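**Q** Here you go, one structure.
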Amino acid sequence: MLVFDPLESSPAILQKPWLNFDLLFLIMEFLPRRSLCKMMRTCRTLHDAGIRLLLSQKCYLFTEAQLSSFCRFVLGDAPLRSSFLRELNIAEEIGENTVALLIEVLLQARSLKKLTIQPEPHLFESHPDLVDAICSLPSLKSLDWHDVGDPGVEVIRHMQASLEVVEVSFINCDQPQDPAEVLKRSANTIRDLRANYVVVAPSTIQFTALQYLRLRATSDPIDTSVLMSMYPNVLSLYLESPLLLFDDDEEQWNEMRQVNERRAQSSNRWAILAEVAGNIFALWTLALNCKVVTLTVSPIDREDLAPLSTLLRGTDPFRLRLTVSLGRDISIDLLGDLLVGATSMKQLELAIHVGSSATDSGPQILSGILSMLEPLTITWIDLVVDGTRSTRESPATTAADYLDHAEDRSFGGELFNRVPSLNLIKLKLGSNPKSHWSFNSMDG
Numbered sequence: 010m011l012v013f014d015p016l017e018s019s020p021a022i023l024q025k026p027w028l029n030f031d032l033l034f035l036i037m038e039f040l041p042r043r044s045l046c047k048m049m050r051t052c053r054t055l056h057d058a059g060i061r062l063l064l065s066q067k068c069y070l071f072t073e074a075q076l077s078s079f080c081r082f083v084l085g086d087a088p089l090r091s092s093f094l095r096e097l098n099i100a101e102e103i104g105e106n107t108v109a110l111l112i113e114v115l116l117q118a119r120s121l122k123k124l125t126i127q128p129e130p131h132l133f134e135s136h137p138d139l140v141d142a143i144c145s146l147p148s149l150k151s152l153d154w155h156d157v158g159d160p161g162v163e164v165i166r167h168m169q170a171s172l173e174v175v176e177v178s179f180i181n182c183d184q185p186q187d188p189a190e191v192l193k194r195s196a197n198t199i200r201d202l203r204a205n206y207v208v209v210a211p212s213t214i215q216f217t218a219l220q221y222l223r224l225r226a227t228s229d230p231i232d233t234s235v236l237m238s239m240y241p242n243v244l245s246l247y248l249e250s251p252l253l254l255f256d257d258d259e260e261q262w263n264e265m266r267q268v269n270e271r272r273a274q275s276s277n278r279w280a281i282l283a284e285v286a287g288n289i290f291a292l293w294t295l296a297l298n299c300k301v302v303t304l305t306v307s308p309i310d311r312e313d314l315a316p317l318s319t320l321l322r323g324t325d326p327f328r329l330r331l332t333v334s335l336g337r338d339i340s341i342d343l344l345g346d347l348l349v350g351a352t353s354m355k356q357l358e359l360a361i362h363v364g365s366s367a368t369d370s371g372p373q374i375l376s377g378i379l380s381m382l383e384p385l386t387i388t389w390i391d392l393v394v395d396g397t398r399s400t401r402e403s404p405a406t407t408a409a410d411y412l413d414h415a416e417d418r419s420f421g422g423e424l425f426n427r428v429p430s431l432n433l434i435k436l437k438l439g440s441n442p443k444s445h446w447s448f449n450s451m452d453g
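Numbering (this note's numbering), first residue to last: 10 to 453.
If you want it as structure tokens, here you go:
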């Protein structure tokens, strides 16, 4: 660039400033994929930086064609591109050629952090080289395996990496699996475990780093003392029950509840859980005797109401997230004394859904909610009450119409009167978008 200065006899030459690539690299890290690809086309330096970023991001490979194409791209400049890989998703159905490409990529993916496996278990029986490649991944921290199966159990048992986040389903195994046996190599490092179709059996193995635990058990109930011994430092517990319980199974679960109650004062117990959620009957069976900060539950039928009341007294949560569907089996009058035992509860997120088989009228529902909340000493509530419409006239449709046109601010004022401890109300009645507001008692 030439710049003429009238005081100089010759023009001064100013150098064009260099691009700050460090700044551009930083900007690229925050770009969406399409914008990143456009920026990569500007020069070789940004292209190479973009390749690294693209390969380190989550890549959605849903089909064999996508996985095959991705593997060929990575192998086009191996082992450099392989070293950039951080996440990989193995598509559900893949053929021999794609398996060969995948094995080659995995053998070079020394920095891979997360692996998602979708194929059916038989793939690993017929491809021992693929098993070896997965087991040898040195940096793997997160494993998401949708359908482990018996062959997959052996793969997990022989993994060399120290896993930290694991989500697995053993539903197609011949027998339910014990996480302590399958994952014992990573027992000291797993922080987050979500497992389906498992048993909780006595074991000397402890998952000392684990804080988030989500289990769906079998028809066998859980011994709480064993659960606490295996997972001593859990902060968040989500427990689902089996999909189906027969009468004999239910009797067994009731007996385990009694055993757990007798052991509730044991010194080997959780002192506090930040979050507890899941199936009410399964949680009730545990006979938890510890402080719970947040409890999230939803009764399925009226048989859940008595266990829920007991669960509330045992855990006495600070915050309750409760969803109730009114219908033929649960009416608003059954909820009257449900929350009485939660004496320490200060925050309540309550959703009342009026199902198509509900017979309660709109006024009955709102009056019942006020009666339900009146004994409480909560300071904060987020309340949603909505209805269901059908093409024919029904009590549920009539109730939904009433909720849509209800005087929500008047109802909120009555709620403040019934529950004097309340400082804040968040309220939504019906499907009216204007009925969604917050009111603080300190505002007058």
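By construction, the Cβ of each residue, glycine as well, lies at the ideal position given by its N, Cα and C atoms.
What you are looking at is a predicted structure, and each value in this text was computed from that prediction instead of being measured.
Please report the straight-line C-alpha distance between V157 and N242, rounded to a whole angstrom.
**A** Indexing the sequence shown from 1 puts residue 157 at position 148. Indexing the sequence shown from 1 puts residue 242 at position 233. Distance between the alpha carbons of V157 and N242 is about 26 Å.
**Q** Rank L438, E105, R271 and K355 by C-alpha distance to the C-alpha of V394 and give the top, closest one.
**A** Position 385 of the sequence shown holds residue 394. Comparing Cα-Cα distances from V394 to each of L438, E105, R271 and K355, the minimum goes to L438.
**Q** Where does the unbroken beta strand (DSSP E) through G287 begin, and where does it stop?
**A** Reading the sequence shown from its first residue, position 278 is the one you call residue 287. I281 to G287 is the extent of the beta strand (DSSP E) around G287.
**Q** Going by CA-CA distance only, name the one from E190, I309, G422 and E383 that's closest to I339.
**A** For the purposes of this step, residue 339 is taken as residue 330 along the sequence shown, with counting starting at 1. Per the Cα distances, I309.
**Q** With distance defined between alpha-carbon atoms, name the residue in W389, N288, R194 and L246 nearest to Q6.
**A** The structure shown does not extend to residue 6, since the chain spans only 10 to 453, so no value can be given for it.
**Q** Please state whether the Cβ-Cβ distance between A409 and G364 is less than 8 Å.
**A** Here residue 409 refers to the residue found at position 400 when the sequence shown is read from its first residue. Here residue 364 refers to the residue found at position 355 when the sequence shown is read from its first residue. Against a cut-off of 8 Å, the Cβ pair of G364 and A409 comes out as no contact.
**Q** Just to confirm, is the Cβ distance from R328 to T352 under 8 Å?
**A** The sequence position of residue 328 within the sequence shown is 319, counting from 1. The sequence position of residue 352 within the sequence shown is 343, counting from 1. Taking 8 Å as the Cβ cut-off, R328 and T352 do not qualify as a contacting pair.
**Q** State yes or no: is the C-beta of L172 within less than 8 Å of the C-beta of L152?
**A** Residue numbering aside, residue 172 sits at position 163 when the sequence shown is read from its first letter. Residue numbering aside, residue 152 sits at position 143 when the sequence shown is read from its first letter. The answer is yes: Cβ separation under 8 Å.
**Q** When DSSP builds the beta bridges, which residues end up paired with H362?
**A** Translated into positions along the sequence shown, residue 362 becomes position 353. S334 and D395.
**Q** Consult DSSP for V349 and reduce its assignment to one of helix, strand or coil.
**A** Start at 1 with the first residue of the sequence shown, and residue 349 comes out as number 340. Reduced to three states, the DSSP call for V349 is coil.
**Q** Touch check for the segment 345-361 and the segment 288-299: three-plus C-beta pairs under 8 Å?
**A** Verdict: no, contact absent.
**Q** With D138 as the anchor, note down where its beta strand (DSSP E) starts and where it stops.
**A** Taking the first residue of the sequence shown as position 1, residue 138 is located at position 129. Here D138 belongs to no beta strand (DSSP E); instead the alpha helix (DSSP H) covers P137 to C144.
**Q** Given this structure, state the Cα-to-Cα distance separating P384 from M354, to the nearest angstrom.
**A** Translated into positions along the sequence shown, residue 384 becomes position 375. Translated into positions along the sequence shown, residue 354 becomes position 345. Taking the straight line from one Cα to the other gives about 11 Å.
**Q** Return the first residue and the last residue of the alpha helix (DSSP H) that N106 is part of.
**A** As a working mapping, residue 106 is identified with position 97 in the sequence shown. Looking at the DSSP string, the run of the alpha helix (DSSP H) that includes N106 is E105 to Q117.
**Q** Does the beta-carbon distance from L139 to L110 come in below 8 Å?
**A** Counted from its first residue, the sequence shown places residue 139 at position 130. Counted from its first residue, the sequence shown places residue 110 at position 101. Cβ atoms of L139 and L110: not closer than 8 Å.
**Q** Taking the alpha helix (DSSP H) that E416 falls in, what are its first and last residues?
**A** Within the sequence shown, the letter at position 407 stands for residue 416. It is not in any alpha helix (DSSP H) - E416 carries neither H nor E in the DSSP assignment.
**Q** How big is the Cα-Cα spacing for L314 and G396?
**A** Residue numbering aside, residue 314 sits at position 305 when the sequence shown is read from its first letter. Residue numbering aside, residue 396 sits at position 387 when the sequence shown is read from its first letter. Rounded to the nearest angstrom, the two C-alpha atoms are 21 Å apart.
**Q** In terms of residues, what are the limits of the alpha helix (DSSP H) holding A454?
**A** Any property of residue 454 remains undetermined from this structure, which presents the chain solely from 10 to 453.
**Q** Counting only runs that start and end within the segment 210-250, where is the alpha helix (DSSP H) found for 4 or more residues in a row?
**A** Counting whole runs of 4 or more residues, the segment 210-250 contains the alpha helix (DSSP H) stretches 233-239.
**Q** Given T67, which residues of its chain have a CB within under 7 Å of its CB, disregarding the five upstream and five downstream residues?
**A** Counting from 1 along the sequence shown, the entry for residue 67 is found at position 58. The residue asked about is misnamed: residue 67 is Lys in this sequence, not Thr. Same-chain partners within the cutoff: E96.
**Q** Starting from the Cα of G377, find the closest Cα among I341, G422 and N269 and give me that residue.
**A** Along the sequence shown, read from residue 1 onward, the residue named residue 377 stands at position 368. Checking every option, the nearest Cα to that of G377 belongs to I341.
**Q** Is it buried or exposed, Q267, if we count other Cβ atoms within 10 angstroms and call 16 or more buried?
**A** Indexing the sequence shown from 1 puts residue 267 at position 258. Classification for Q267: exposed.
**Q** Can the beta-carbon of Q215 be found closer than 8 Å to that of M239?
**A** Within the sequence shown, numbered from 1, the residue matching residue 215 stands at position 206. Within the sequence shown, numbered from 1, the residue matching residue 239 stands at position 230. Yes, Cβ-Cβ distance for Q215 and M239 is below 8 Å.
**Q** Along the chain, where does the beta strand (DSSP E) containing L84 start, and where does it finish?
**A** Your numbering for residue 84 matches position 75 in the sequence shown. Where L84 is concerned, there is no enclosing beta strand (DSSP E), although the alpha helix (DSSP H) it sits in stretches over E73 to L84.
**Q** Can you list, in chain order, the residues of its chain whose CB lies under 6 Å from that of L63, leaving out five sequence neighbours each side?
**A** Walking along the sequence shown from the start, residue 63 turns up at place 54. None.
**Q** For I387 and S430, which I take to be in contact (beta-carbon distance under 8 Å), what is that distance rounded to the nearest angstrom?
**A** Numbered from 1 along the sequence shown, position 378 holds the residue referred to as residue 387. Numbered from 1 along the sequence shown, position 421 holds the residue referred to as residue 430. With 8 Å as the limit, I387 and S430 qualify as a contact, their Cβ atoms being about 6 Å apart.
**Q** Return the chain-ordered ranges of every alpha helix (DSSP H) run that is complete within the segment 285-332 and spans a minimum of 4 residues.
**A** For the segment 285-332, whole alpha helix (DSSP H) runs of length 4 or above, ordered along the chain, are 289-295 and 314-324.
**Q** Could you tell me whether the Cβ atoms of S370 and G336 are closer together than 8 Å?
**A** Looking up residue 370 in the sequence shown gives position 361. Looking up residue 336 in the sequence shown gives position 327. No, the pair does not count as a contact, with Cβ atoms beyond the cut-off.
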